[in-house]
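Taken in sequence, the protein lines are chains A and B. Taking our numbering, the leading residue of the first sequence gets 1, the next gets one more, and so forth. Taking our numbering, the leading residue of the second sequence gets 471, the next gets one more, and so forth.
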Amino acid sequence: MNAPSITSTAQTPAVTRRFDLRAALKDSFRSALIMLGLSIPILAFRTDQSGGDIFLTPRWGLVAIICAIVFGLRLLLHAFTASKAYRQATPSSHQATEPVHAEPSAYQHVSKFAIPFFLGVALAFPLLVYLIQGGLNESRYWVDLGILILTYVMLGWGLNIVVGLAGLLDLGYVAFYAVGAYSYALLSTTFGLSFWICLPLAGILAAFWGMILGFPVLRLRGDYLAIVTLAFGEIVRLVLINWVDLTNGGAGISSIPRASFFGLPFTAGEGGFAATFGLEFNGMHRIIFLYYLILVLALLTNFVTMRLRRLPIGRAWEALREDEIACRSLGINTTNTKLTAFAIGAMFGGFAGSFFAVRQGFVSPESFNFLESAIILAIVVLGGMGSQIGVAIAAIVLVGGPEILRNLTFLQAIFGTGFDPNEYRLLLFGAGMVAMMVWRPRGLISEREPSVILKERKAISGSLVKEGHG
Amino acid sequence: MEIFVQQLINGLTLGSIYGLIAIGYTMVFGIIGMVNFAHGDVFMLSAFISLIFFLLLTTWLGISSVALALLIVLVVAMALTSLWGWAIERIAYRPLRGSFRLAPLISAIGVSIFLSNFVQVAQGARNKPTPPMVQDVIVLFQGESGYNVALSYKQIIIMVVTAVLLTIFWYLVQKTSLGRAQRACEQDRKMAALLGINVDRTISLTFVIGAALASVAGTMYLLYYGVVSFNDGFVPGVKAFTAAVLGGIGSLPGAVLGGLIIGLIEVFWSAYFSIEYKDVAAFSILAIVLIFMPSGILGRPEVEKV
């Protein structure tokens with residue numbers, strides 16, 4: 001295979017001064033042929049059903065369009081790599097060495113302004129939306145979206161403790177989310193406990209489950225750990241489906257009590273939130289309250305994580321991520337270190353889960369499938385493992401992005417009226433995960449801020465940090 | 471007793487399918503040390519390819535002989551699925567060689583999500599039934615209570631095809647220069663490259679072989695169950711991975727043995743315990759095997775290099 005690598009990082013192409021059009025055309029044609037092979041028959045024929053019959057509908061036009069697109073993209077890629085190779089061939093006086101070192105202040109420079117900015121926007125978000133949309137009821141959609149994004153930010157930050165800091169790839173994080181959600185749902189519907197009592201209980205239960213599930217997997221590493229956590233996540237979901245007596249099975253638990261504003265329910269009558277504060281009753285009060293609740297929970301997660309990073313346990317996590325064997329030989333108790341990472345990560349998952357239950361008022365096992373774990377993991381990975389602000393940005397992009405896609409009505413004009421971008425959401429999502437790993441395996445923010453500093457602060461580029469076995 | 475024999479037959483059939491998928495996992499893990507998470511979805515994709523070709527052959531070209539149609543479907547599906555396997559390796563895994571250790575796994579999860587949703591978008595979300603293909607059965611013996619132990623032609627086809635293909639691929643890996651190159655890469659990739667083995671091509675071929683066997687499994691799955699949907703890749707994929715680990719990852723006979731054991735466990739569990747918890751049983755076996763005997767039945771114990 002002499003075709004230039006798609007990433008062009010693996011091998012540096014031979015420096016050619018001019019763009020070899022013939023070779024590029026030939027290669028593009030070959031790519032298009034491969035695409036043709038790939039799309040037969042899965043794209044070329046559509047299986048349609050009517051009644052019990054199944055028949056095929058050919059759609060060669062679609063295949064032709066896709067092959068043409070592949071051809072064009074491949075040609076562009078060739079032109080791009082050729083011009084890049086040309087630029088690299090002309091020596092630049094600025095690049096005496098490879099530019100591996102990130103400027104020490106660049107990341108801190110950004111984060112100094114970015115963090116207060118994001119925080120400000122997050123705090124003022126309902127007000128901003130209220131002003132822009134011109135009414136409480138009109139802003140409902142946006143506040144709901146904000147809640148959804150913040151839930152994923154919180155889950156991302158929770159998983160970041162396990163994956164980003166301790167370097168343990170957990171594919172079953174959604175299990176703890178489920179434990180939290182079901183804890184609240186069951187405790188409130190059977191014992192009538194209020195949200196404010198259930199929230200810490202859900203966290204404790206999830207942490208407990210984190211320990212239980214974490215304990216057997218302590219000696220596993222890397223891929224095996226990931227697969228076992230995936231198995232645990234699936235087991236939890238299957239048990240939730242099949243243990244009908246407790247969980248009501250696939251039908252789920254409905255009519256879960258709503259959260260109150262420190263004892264004041266969000267009802268229209270006397271003694272409700274609106275009446276006590278002399279406001280006109282509006283259902284949006286509860287939504288905005290939920291928004292600030294998840295914001296506080298997410299910030300709490302962030303705050304605890306940032307603090308923990310400075311404690312010995314946080315440093316042990318990061319040491320464990322870098323090299324487990326070195327860690328053990330330095331006398332760090334890897335058992336306790338891993339278990340605390342699992343437990344604390346799970347605890348925040350549990351908080352988020354019980355928030356999910358109180359927001360939806362309904363939980364069912366379908367909300368906790370593997371895909372959910374994959375989405376949370378993707379948020380952590382895209383954000384750059386270990387970077388808090390990166391995770392937040394990734395959550396906004398991954399959760400908010402498809403919503404924006406849904407609202408782009410002009411797409412329907414291009415692709416026809418039957419076009420529903422939401423169908424393509426997961427498709428793009430999977431492709432995005434691959435593309436991210438190929439182009440920026442360290443995530444959007446690949447800088448790693450050291451937690452221990454000698455004399456002066458320096459940001460370390462992610463590419464300098466080599467991960468050991470462990 | 472009759473039920474036991476019947477379940478034994480069913481379990482071996484299911485186990486053959488799992489074994490075929492498991493080989494793809496075990497070979498890829500052996501050579502580049504990654505869990506090819508997307509392998510289950512390649513299997514699902516191949517079942518779709520088989521379905522469409524079977525419909526093409528029978529309804530459009532009017533081939534009435536089911537045996538001939540199946541043979542053509544098998545060959546074509548193997549070729550096309552191999553191309554998919556090759557393309558996936560080329561696009562999603564090859565650029566990541568030398569990246570950090572979790573990158574290939576995350577990329578594979580991405581491919582898995584992509585493939586299942588690609589099929590969903592391209593073919594719709596509903597279950598796709600096939601017209602019944604092979605329906606004859608041989609009644610082996612009749613029980614006293616009127617319960618017949620039957621061996622269907624389908625099951626015979628599946629077991630025979632599995633056995634034949636395994637022999638072919640076993641020969642390929644053990645006796646040919648390709649197999650030698652592959653085993654050399656498994657032991658030491660850098661050294662193999664120094665000795666003039668094209669490592670990239672060898673790895674590509676490993677993926678191609680894995681995909682080809684998965685496509686056989688896909689065709690057999692379609693033949694056996696007669697229905698396929700876009701999310702049928704995940705659970706069989708995980709079970710086949712369990713089989714690969716149980717047999718000892720990196721070992722070809724181990725993968726088949728593991729597949730048969732998993733198939734039998736699943737079938738007997740459903741028959742004698744509860745059918746609802748059969749997937750829980752499979753996932754539990756996966757966790758237990760990985761935790762307590764990660765080198766499996768026929769595998770070599772992993773040596774920890776510092």
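Positions of the beta carbon are idealized from the N, C-alpha and C atoms, including for glycine.
Sub-8 Å separation of residue i and residue j beta-carbons
| i | j | result |
| --- | --- | --- |
| ALA620(B) | LEU635(B) | no |
| LEU56(A) | LEU525(B) | yes |
| GLY481(B) | GLY733(B) | yes |
| PRO265(A) | PHE273(A) | yes |
| ILE147(A) | ARG286(A) | no |
| ALA122(A) | SER354(A) | no |
| TRP317(A) | THR334(A) | no |
| LEU205(A) | VAL217(A) | no |
| PHE208(A) | GLY349(A) | no |
| ILE42(A) | ILE491(B) | no |
| LEU377(A) | LEU171(A) | yes |
| ILE815(B) | MET437(A) | Nothing in the structure corresponds to residue 815(B), since chain B is present only between 471 and 776. |
| TYR291(A) | VAL143(A) | yes |
| VAL512(B) | VAL604(B) | no |
| VAL399(A) | VAL391(A) | no |
| MET385(A) | LEU297(A) | no |
| ALA343(A) | MET211(A) | yes |
| ILE522(B) | THR47(A) | yes |
| LYS161(A) | ILE396(A) | Looking at the sequence provided, one finds Ile at residue 161(A) rather than Lys. Going by C-beta atoms, ILE161(A) is not nearer than 8 Å to ILE396(A). |
Beta-bridge pairing of residue i - partner residues as DSSP gives them
| i | result |
| --- | --- |
| SER744(B) | Answer is none; SER744(B) lacks a bridge partner. |
| ALA395(A) | None; ALA395(A) has no bridge partner. |
| PRO116(A) | DSSP output for PRO116(A) lists no bridge partner at all. |
| ASP48(A) | PHE55(A) |
| GLN612(B) | ASN618(B) |
| ILE253(A) | VAL363(A) |
| LEU264(A) | PHE261(A) |
| LYS598(B) | VAL698(B) |
| LEU607(B) | One point to set straight first is that residue 607(B) is Val, not Leu, in the sequence displayed. Answer by DSSP bridge pairing, in chain order: SER622(B). |
Residues that residue i contacts on chain A, provided the C-beta gap is smaller than 8 Å
| i | result |
| --- | --- |
| THR529(B) | PHE55, LEU56 |
| LEU566(B) | MET437, VAL438, PRO441 |
| PRO764(B) | LEU220, TYR224 |
| ALA592(B) | ILE42, LEU43, ARG46 |
With 16 other Cβ atoms within 10 Å as the buried cut-off, status of residue i
| i | result |
| --- | --- |
| SER387(A) | buried |
| PRO116(A) | exposed |
| ASN302(A) | buried |
| GLY485(B) | buried |
| GLY555(B) | buried |
| SER93(A) | Confidence is the limiting factor: at SER93(A) the pLDDT is only 47, short of 50, which leaves the residue's position unreliable, though a coordinate-based value still follows. Label assigned to SER93(A): exposed. |
| GLN476(B) | buried |
| SER783(B) | Any question about residue 783(B) goes unanswered here, given that chain B covers just 471 to 776. |
| ALA79(A) | exposed |
| TRP739(B) | buried |
| TYR495(B) | buried |
| MET471(B) | exposed |
| PRO99(A) | Bear in mind that a pLDDT of 44 at PRO99(A), under 50, signals an unreliable position, so the model cannot answer this. |
| TRP530(B) | exposed |
| TRP157(A) | buried |
| ASP223(A) | buried |
| ASN618(B) | exposed |
Chain-ordered neighbours of residue i on chain B, where CB pairs are closer than 9 Å
| i | result |
| --- | --- |
| VAL228(A) | LEU756, ALA757, LEU760, ILE761 |
| GLU280(A) | Going along chain B, no residue has its Cβ under 9 Å from GLU280(A), so there is no contact; the nearest lies around 44 Å. |
Partners in chain B for residue i, counting only beta-carbon separations shorter than 7 Å
| i | result |
| --- | --- |
| ILE40(A) | LEU550 |
| GLU423(A) | VAL591 |
Under 7 Å by beta carbon: chain A residues contacting residue i
| i | result |
| --- | --- |
| LYS598(B) | THR47, ILE54 |
| PHE753(B) | ALA231, GLU234, ILE235 |
| TRP554(B) | LEU38 |
Contacts that residue i makes with chain A (C-beta to C-beta distance below 9 Å)
| i | result |
| --- | --- |
| TYR747(B) | LEU238, VAL239, ASN242 |
| ALA557(B) | ILE34, MET35, GLY37, LEU38 |
| MET677(B) | With the sequence shown as reference, residue 677(B) is identified as Phe, and Met is not the correct amino acid for it. The premise fails here: PHE677(B) is roughly 13 Å from chain A at the closest Cβ pair, so nothing lies under 9 Å. |
- Item | Selection of the segment 480-506 of chain B by Cβ proximity to chain A, strictly under 9 Å | PHE499, GLY503, MET504, VAL505
- Query: the segment 572-590 of chain B: which residues have C-beta closer than 9 Å to a C-beta of chain A, in chain order?
  - Reply: So the list reads LEU572, ALA573, PRO574, LEU575, ILE576, SER577, ALA578, ILE579, GLY580, VAL581, SER582, ILE583, PHE584, LEU585, SER586, ASN587, PHE588, VAL589, GLN590, given in the order they occur along the chain.
- Residues within the segment 510-527 of chain B neighbouring chain A, beta-carbon criterion of under 8 Å: If the cut-off is 8 Å between Cβ atoms, the segment 510-527 of chain B has LEU515, PHE518, ILE519, LEU521, ILE522, PHE523, LEU525, LEU526 near chain A.
- Interface residues of the segment 379-396 of chain A facing chain B [CB-CB below 8 Å]: VAL381
- Between the segment 696-717 of chain B and chain A, which residues of the former have a C-beta closer than 9 Å to a C-beta of the latter? Hits within the stretch, in order: PHE704, VAL705, VAL708, PHE711, THR712, VAL715.
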